[in-house]
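Reviewing the structure listed below.
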Amino acid sequence: MANHKSALKRIRANETKRLRNRYQHKTTRSYIKKLRETTDKAVAVEVYKTVSSMLDRLAKKNIIHKKKASNQKSKLARLVNSLAVAA
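Here the sequence shown stands for residues 133 to 219, where the numbers follow our numbering.
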């Protein structure tokens, strides 16, 4: 266990940040799942905007790698664009 006040504070801060990061990451994954299940083009476009923004935010904060965010956005964009052909 840590002996210094600053180390104890760092442990508390890290736990707070870990929980916040975990919540944001899980929320983003839920939105991605919601987007994949959507069949309506108009709804999909709106959800895609939200998901894209969330992925950018996660990448900016180094919760996920920036290229992973880019790859996910690309795949989801293709999914949303393919809905226009089906509809």
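All residues carry an ideal CB built from backbone N, CA and C; glycine is no exception.
For this session: Compute the Euclidean distance between the alpha carbons of residue 151 and residue 179, then round it to the nearest angstrom.
Result: 24 Å
Problem set entry | First and last residue of the uninterrupted alpha helix (DSSP H) at residue 170 | Unbroken run through residue 170: none, as it is neither H nor E.
Exercise. Among residues of its own chain, excluding the 5 on either side of residue 164, which ones have a beta-carbon nearer than 8 Å to its beta-carbon?
Worked result: 183, 204 and 208
For this session: Measure the C-alpha to C-alpha separation of residue 142 and residue 149 and round it to an integer number of angstroms.
Result: 10 Å
For this session: Consult DSSP for residue 186 and reduce its assignment to one of helix, strand or coil.
Result: helix
Problem set entry | Proximity winner among 191, 198 and 211, relative to residue 173 (alpha-carbon distances) | 211
For this session: Report all residues from its chain with a CB closer than 8 Å to the CB of residue 167; omit the five preceding and five following residues, and keep chain order.
Result: 176, 179, 180, 183, 208, 211 and 212
Exercise. Is residue 197 helix, strand or coil when you go by DSSP?
Worked result: coil
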